[in-house]
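Take a look at the structure below.
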Amino acid sequence: MKYPNLHDLSKRAAALVLTAALLVPSAFASAGTTRLSTSRTLADGLTYINTISEHPSSGRIESFSFQLEPGSDVTPIMVQSSGTIYGAATINKAVSYAESLGYHVVGGINSDFFTMGSGIPNGISIEKGVYKSSPEGNHAISVVDGRLELSASPQVELTLTNRRDDSSVSLTHFNKWRNSSGGLYLYNEDFSSVSTRTDSAGGRMVRFQVTEDDRDTPLTVNGELTLEVTEVFEAQDAVTIGEDNYILTAAYESGFSELFASYQVGDKVTLSASCSDRAISDAQWAGGCGDIMIAGGKMTDSSTWHYATGQAPRTAVGVKEDGTMVFYAVDGRQSGYSAGLTQKDLADELLQQGCQWAVNLDGGGSTTLSVLLPGSSAPAVDNSPSGGSLRACATFILLVTDAPTDREPERLALQQDGLTVLTGSSLTLGDVAAVDGGAATVSSRVSDAEFSSKNELGSFNGSIYTAGDRAGTDEIAIRSRDLDLTGSAQIHVVDTLTSLTVSRASSTSPLTALTLEAGESVQLAASGSYWSREALRPGSGGVTWSVEGNVGSITQDGVFTSGGTGSSGTITATAGGLTSKVTVGLENVHNDVTPEHWSYPAVEYCYEHGIVSGVSSTEFGRDHSIRRGDFVLMLYNALGKPAVTGSSGFSDVSPSDYYAQAITWASANHLVSGVAEGLFGPTDLVTREQAFTILHQAMPLLGLSSPEPDLTVLDRFADRDQIAEYARPHAAALVSQGLASGAGGVLNPKGQLTRAEMAALLYQLLTYDPASQPETPETPESPDTPDVPQVDPDAQLILSQTEGTLASAETLQLTAQLSIGEGPVTWRSSDPSVAAVSPEGVVTNVYAGSGNASVTITASCGPLTAEAVLQCGPAGQIGLVTAEPTLRVRSGPSQEDPVISRLNNGSRVVLLDTDTPGWYQVLFSDAAGQAVTGWASADYILLH
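Read in order, the letters of the sequence shown correspond to residues 13 to 956 in this note's numbering.
What follows is the structure in structure tokens.
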């Protein structure tokens, strides 16, 4: 028996596969429980599905798939990404190659396994019916009249028959890497436009040329060509193949010396290809594949699979009973985002989707899916490759229409389809695009779009959707009266969240603690996600706010106003079954120092600068006499807590005392001495004249100079004679500079210094500004006027590329050239946060937003400019910087690596690598608008 669409598998082999399939129970987890799934119609018969699911053992899984119905105008093709068998390229290059063949590309995924060094695919290659590379015993999938067919290990035999003596030789290796023991290999220019790539291997060779009658006849799997021997030779290095040429070769170790010696220049040779596999024989396109995971609607024996174990990114293709083709990709190896699937889970997922047969394709870092979404001018990668950037692969399956689109709008589509919203909250829908039948965007913004809810899970006010109290997927109807078009979209209404964050309304940085002055107000905002998709937007409602502790009040709009008698409390935001708490501390709470008190500015200043704290949570202790230990500590704090070594030398000052470092510092700087031998007296009270003395001696440490004092300034005080002799010059200096004063005509030198007076003295010192005028600066010379390039008036500035698409982190080298003459070129990006451009014209996609973004790169030479408009795809994973105030970015993942840049708190970055313990590799544009790739501590980056 044969499986549906499984051609030329022997009856015995088919029976064995089916028996094994029947013995394998379908008890695997597939991709898990679906949490969010958005289906988008790209064209008639083509649906794009993005799914987030929860796997029972590995958590979040994100997958992407196309479902292509038979009879659609969109059909699959299979192409070599680089245009030749040798060489690999990204999916973007493959799309460009297909477009050069005249196709309009709607989407695509990677396909066959390949050799990393050479990019040569493992299996067969047929393009537009032309046989380009041999199957080598691998399974194959083919496109026959728009349908996908599966062939188990098809064979294509090549025979060379020399008409001179009717001798013939058979071979199977066509356009594959030549191994020393692999036997005979045949090459043509489809292998490489450069050479046979047999560098330094050495070997025998025969060069054939296609005869003139057959030069317009391509080689097919059941075709025949007439060749003529033009050269028989040996070569130590690779040789150029050339147009209409074939080269037969074998390494010396393989033998065949007699065969090669039998050819003579001028011999006519018949090259014939034969294949008994019907699907391969009829194929317009074909490519290799991996394990056959499903046959006849049953899972095959996984013990024969090559990549069965381990969770990884995966790519697969399957076909349902009605002929619908499924092109499936799942991301993996990205903790917190998508762990990936085992091959058994992959097979079970495709079984659950109804596939009658399915095959495994190249996965891991190769897994790539690109799609042309409404509003985009070109396909862009929508998944997140595990390597952090696009891998160059050998082959891709592309979904195409045969011709450029007609640009006649046929339907409407929401650019950001599949948005998620929490019950009771709102969101604003983005732009609506008008697309034609080939999924090409005709208009990226339909201005008169109207919306309505089909399932009545929410209501609209213009483009603002407010969710009700029921969860589910709401089908949204879209209408344009001006264009007389309709469309549809999906909004996922959820009643639970998986994360909830509180921040200031002006910031995206998570807020866990808040310190305010009494009476101060702050606007708070809550944001939340459901399985990493934004579901609660700041200021959109759906949040309940509350305050614990007598520290203030909060409105249901999130405006918190501090106040009350408490010094600490908690603000709680509740939404979607989660709570997020912010601890609140009221700073500068000093009920005994009111704004009307003379010391208020000084006390406020000392609080804010960490010089002093209160005697309790609500009192400063303004009238409390200050002790010697506390006095020195305040001065030490005021000078920024300089480094201290050694001990104070006082027996009554323990190293564990909170003022010990301050006294050690003051003693070392000769600011203080003891009250008795070996004793400091830290609890003794400080007199005003003692304070004047110490503070005056500390002025040089503050960078302040003090002129020789005039002692007569003390004559204004009635108690001047009470000032101790040692303190008189110090008191006079402070008084003459306005830093100290008395009250009621007395200086009160023997009086005990209060905490308020100490704060006032420090405030005067720390804010002191000597009344000195700076010298008048010299007028600087005018800068030289920069040279303006002299450009020929008839010249034009020509860019190497004027439009294009960049995947996240992808770079593009732009060049600009004058049509006449030469001149220096400068480059500018319209938005460096989307794409940065170097002085050499290298553009890097650093976009850390959602959806696609457009950026204009401008080249300038004198008065001439030229522009390239680039569409930048979103990153697979972005991070939010939470460090205050900045986060260091280093050249490598180590504290020993040098700092190369800094990121401000709240910055968004593209994450290139999250697998290195403790570190994330980040990509962003710096203040100069240049792309920076570096490493930052994972402790200060929130996955977003």
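Yeah, the Cβ is synthetic: ideal placement off N, Cα and C, and Gly gets one too. Predicted model, so just to flag it, every value in this text is computed and none were measured.
Taking buried to mean at least 16 other C-beta atoms within 10 Å of its own C-beta, is M90 buried or exposed? Its Cβ being crowded by 16 or more others within 10 Å, M90 is buried.
Where DSSP assigns a beta bridge to H185, which residues make up the other side? Beta-bridge pairing links H185 to Y197.
In the DSSP assignment, the beta strand (DSSP E) including E246 goes from what residue to what residue? Element bounds for E246: E236 to A247.
Counting contacts by CB-CB distance shorter than 8 Å, is V563 in contact with chain C? Although the question refers to chain C, the structure presented lacks it and comprises just one protein chain.
Cα-Cα, which of D486, A745 and I583 is closest to S465? Across the set D486, A745 and I583, the C-alpha of D486 shows the shortest separation from the C-alpha of S465.
Status (buried if at least 16 other CB within 10 Å, exposed otherwise) for K653: Classified as exposed, K653 has fewer than 16 neighbouring CB atoms from the shown chains inside 10 Å of its CB.
Identified DSSP bridge partners for S913: Partner(s): V901.
Exposed unless 16 or more other CB atoms sit within 10 angstroms - verdict on P719: Classification of P719: exposed, given that the 10 Å Cβ count is below 16.
List the residues that DSSP assigns as beta-bridge partners of S492. Note: S492 sits in a beta bridge opposite L497.
Assign K105 to one of three DSSP states: helix, strand, or coil. Three-state result, K105: helix.
Return helix, strand or coil for P741, following the three-state DSSP convention. Reduced to three states, the DSSP call for P741 is helix.
Check R457 in the structure and name its three-state DSSP category. If DSSP states are grouped into helix, strand and coil, R457 belongs with coil.
Three-state secondary structure (DSSP) of S906: Residue state for S906 is assigned as coil, using DSSP reduced to three classes.
Does S266 come out as helix, strand or coil in the three-state DSSP assignment? In this structure, DSSP gives S266 a helical state, which the three-state scheme calls helix.
Check whether the region 170 to 180 touches the region 65 to 79, taking contact to mean three or more Cβ pairs, one atom from each stretch, closer than 8 Å. Under the Cβ criterion (8 Å, minimum of three pairs), the region 170 to 180 does not count as touching the region 65 to 79.
A614: first and last residue of the uninterrupted alpha helix (DSSP H) it sits in: Counting along the chain, the unbroken alpha helix (DSSP H) around A614 starts and ends at Y612 to E620.
Identify, in the order they occur along the chain, each residue of the same chain with its Cβ nearer than 7 Å to the Cβ of D429, setting aside the five sequence neighbours on each side. T50, R52, A501 and Q502, listed in sequence order.
I136: first and last residue of the uninterrupted beta strand (DSSP E) it sits in: Here I136 belongs to no beta strand (DSSP E), and DSSP marks it neither H nor E.
C-alpha distance - V684 paired with Q702, whole-angstrom precision: Distance between the alpha carbons of V684 and Q702: 9 Å.
Going by the beta-carbon positions, is the gap between R640 and V594 smaller than 8 Å? Result no, Cβ atoms of R640 and V594 do not sit closer than 8 Å.
According to DSSP, which residues form a beta bridge with M217? M217 has F245 and T261 as its beta-bridge partners, per DSSP.
How would you write the range of the alpha helix (DSSP H) that R190 sits in, first residue to last? No alpha helix (DSSP H) contains R190, which DSSP labels as neither H nor E.
Which class does H682 belong to by DSSP, given the choice of helix, strand or coil? Here DSSP, grouped into helix, strand and coil, assigns H682 to coil.
Buried or exposed: which applies to A39, given that a residue is buried once 16 or more other Cβ atoms fall within 10 Å of its Cβ? Unreliable placement is indicated for A39, whose pLDDT of 39 sits below 50; the coordinate value is still reported in the next sentence. Exposed, by the Cβ-count rule.
Can you give the Cα-Cα distance for P147 and L198, rounded to whole angstroms? Each residue's alpha carbon lies about 14 Å from the other.
In three-state terms, what does DSSP make of W677? In the structure shown, W677 sits in a helix (DSSP, three-state: H, G or I).
Quick check: the region 115 to 123 against the region 402 to 413, are there 3 or more CB pairs under 8 Å? With the cut-off at 8 Å, the region 115 to 123 and the region 402 to 413 touch.
What beta strand (DSSP E) runs, 3 residues minimum, are completely inside the region 251 to 322? Within the region 251 to 322, the complete beta strand (DSSP E) runs of at least 3 residues are 257 to 263, 280 to 286, 297 to 300 and 304 to 307.
Using a Cβ-Cβ cutoff of less than 7 Å, which residues in the same chain neighbour S812 once the five nearest sequence positions on both sides are dropped? Within the same chain, and ignoring the five residues on either side of S812 in sequence, the residues whose Cβ sits closer than 7 Å to its Cβ are L826 and T827.
Separation of V901 from D938, as counted between CA atoms: So the two alpha carbons sit approximately 11 Å from each other.
Check whether the region 647 to 664 touches the region 686 to 696, counting contact only when three or more Cβ pairs, one atom from each stretch, lie closer than 8 Å. Short answer: they touch.
Could you compute how far the alpha carbon of T567 sits from the alpha carbon of G551? C-alpha separation (whole angstroms): 12 Å.
Going straight from the alpha carbon of S350 to that of R159, what length do you get? About 31 Å.
What residue ranges within the region 113 to 153 form continuous beta strand (DSSP E) runs of no fewer than 3 residues, ordered along the chain? For secondary structure counted as the beta strand (DSSP E) over 3 or more consecutive residues, the region 113 to 153 holds these complete runs in sequence order: 116 to 122, 137 to 139 and 142 to 145.
In this structure, what does DSSP give as the bridge partners for P88? DSSP, once it has assigned bridges, lists L411 as partnering P88.
Mind checking who F936 pairs with in its DSSP beta bridge? F936 is bridged to V944.
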